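Q: Numbering (the numbering used here), first residue to last: 29 to 375.
The C-beta atom is built at its ideal place from N, Cα and C for all residues, glycine as well.
Here the structure is a predicted model, which is why all the values come from computation and not from measurement.
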Amino acid sequence: MVMRKARYRNDPAAPPGTAAGMTEPRQERGIYAASTSDCSSVLVLKWIRTLICAVKRHKCRAPFPSRCGPGCSTRNPTESSRLSFPYAAVAVLLLSLPAAFSQEFFSTSSNAPPSIPERLQKLEQGQQQILKELETIKGLLREHQNSNAIRPAAPKVFSIDVTGEPFRGSAQAQTAIMEYSDFECSYCAHYARDVYPALERDFIKTGKLKYFFRDMPAREHLHALQAAEAARCAGEEGKFWEMHDVLFAAQPALAETNLLSYAQLLGIDGEKFRECLLSGRHTNSIHLSIQTAKRLGIYGTPAFVLGRMSPDGNFLLGEKVLVGGESDKDLRPAIEQLLSSQSGTPK
Numbered sequence: 029m030v031m032r033k034a035r036y037r038n039d040p041a042a043p044p045g046t047a048a049g050m051t052e053p054r055q056e057r058g059i060y061a062a063s064t065s066d067c068s069s070v071l072v073l074k075w076i077r078t079l080i081c082a083v084k085r086h087k088c089r090a091p092f093p094s095r096c097g098p099g100c101s102t103r104n105p106t107e108s109s110r111l112s113f114p115y116a117a118v119a120v121l122l123l124s125l126p127a128a129f130s131q132e133f134f135s136t137s138s139n140a141p142p143s144i145p146e147r148l149q150k151l152e153q154g155q156q157q158i159l160k161e162l163e164t165i166k167g168l169l170r171e172h173q174n175s176n177a178i179r180p181a182a183p184k185v186f187s188i189d190v191t192g193e194p195f196r197g198s199a200q201a202q203t204a205i206m207e208y209s210d211f212e213c214s215y216c217a218h219y220a221r222d223v224y225p226a227l228e229r230d231f232i233k234t235g236k237l238k239y240f241f242r243d244m245p246a247r248e249h250l251h252a253l254q255a256a257e258a259a260r261c262a263g264e265e266g267k268f269w270e271m272h273d274v275l276f277a278a279q280p281a282l283a284e285t286n287l288l289s290y291a292q293l294l295g296i297d298g299e300k301f302r303e304c305l306l307s308g309r310h311t312n313s314i315h316l317s318i319q320t321a322k323r324l325g326i327y328g329t330p331a332f333v334l335g336r337m338s339p340d341g342n343f344l345l346g347e348k349v350l351v352g353g354e355s356d357k358d359l360r361p362a363i364e365q366l367l368s369s370q371s372g373t374p375k
């Protein structure tokens, strides 16, 4: 407890060493200000909660505008994270705490002081609440750092195992392209309906290009994962590409009942298809497809890996990645450039 020297006015019996002409003791300003102290604690908590909201907004802000249609994923963690804002904000907060507590101890009030136990109890409660809020901030900063860490760029030539995967085009074609797509992405559907047919006519059916397809369903798309499983289940009956075309043509009608009707339309055994769909046996391979895409720096759909086939035909040796290249003017020049360089051999 902080006590200051009492002052006296016009008191001849004043203790030695006191100022002459002073009598009544009076309480110095700034002691036992309960109401203002409470306000100080509330103010500190408000600062912390405001900081938590600011960190959350900074953490979740998308670095790029969406190019893959409503709800498609375009997050690109290769973008350098900027952590200076949240860390600076925490530093400002910590530097402000001593001043806030000083105000709590020496604030001004004309009200009667609370008892010491009451004051200690309130102070302890305020400290516990502040510690809890600070732990929340630390957790948010850890999440921010982990989710935005800089990832290494894909190597110039990277190998993708395509053993046994369905493809379109000639098995002898040395140039290859792999599409990463989402059956519920509107831009992917636009590419499948309006861009792909011309590329198929000019490069795939002519035997120049081998075309692969891989799934990258976004988590926010409710039917994308099951639609990807439906295409693979149809592939067990030799109808992968037929189901692929139907799913994009029928978007957004991709509920389970729709998938069963599409299978019947394609002449696929309904019971076998349903059993495959409910078993989830293709889920792991779809997740592996997503992980491979992320290692290549792909976080949005549609995306394309261009390269050439290994001599045994089991690997695509990727040389270039195009993300969001859903137009003919984006893909055609890249394909033609790759075809013109086929005389060389990747090192």
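1. From Phe186, Glu146, Tyr208 and Leu151, pick the residue whose C-alpha is nearest to that of Phe240; which is it?
2. Using only alpha-carbon positions, find the residue among Asp189, Asp356, Val333 and Arg242 that is nearest to Phe268.
3. Quick one: using the 10 Å Cβ neighbour count with 16 as the cut-off for buried, is Ala61 buried or exposed?
4. Short of 6 Å in beta carbon distance, which residues of its chain neighbour Cys261, apart from the five on each side in sequence? Order them along the chain.
5. Helix, strand or coil: which one does DSSP assign to Tyr327?
6. Would you call the CB atoms of Lys236 and Ala199 closer than 9 Å?
7. Compare the Cα-Cα distances from Val385 to each of Ile205, Asp222, Leu344 and Asp340 and report the closest residue.
8. What is the DSSP secondary structure of Ile188, counted as helix, strand or coil?
9. Determine which residues share a DSSP beta bridge with Asp243 and list them.
10. Rounding to the nearest angstrom, what Cα-Cα distance links Ala259 and Arg323 in this structure?
11. Is the stretch 211-222 close to the stretch 324-338, with three or more CB pairs under 8 Å?
12. For Glu347, name the three-state secondary structure that DSSP assigns.
13. Output needed for Ser355: all residues of its chain with C-beta closer than 7 Å, excluding positions within five of it in sequence on either side, in chain order.
14. With DSSP as the reference, label Thr46 as helix, strand or coil.
15. Who pairs with Lys238 in a beta bridge, going by DSSP?
16. Taking the beta carbon of His310 as the centre, do at least 16 other beta carbons fall within 10 Å, making it buried, or is it exposed?
17. Take His249 as the anchor and find which of Gln279, Leu227, Phe186 and Gly266 has the nearest alpha-carbon.
18. Taking the beta carbon of Glu146 as the centre, do at least 16 other beta carbons fall within 10 Å, making it buried, or is it exposed?
A: Walking through what the data contain:
1. Tyr208
2. Arg242
3. Per-residue confidence for Ala61 stands at a pLDDT of 42, beneath the threshold of 50, marking its modelled position as unreliable; the derived number appears in the next sentence. Buried.
4. Phe301, Cys304 and Leu305
5. coil
6. no
7. Given a span of 29 to 375 for the chain in the structure shown, any question on residue 385 remains unanswerable.
8. strand
9. Ser209
10. 24 Å
11. yes
12. strand
13. Val223
14. Residue confidence is low: Thr46 scores 45 on pLDDT, short of 50, so the model does not pin down where it sits. No coordinate-derived value is stated.
15. Ala204
16. buried
17. Gln279
18. exposed
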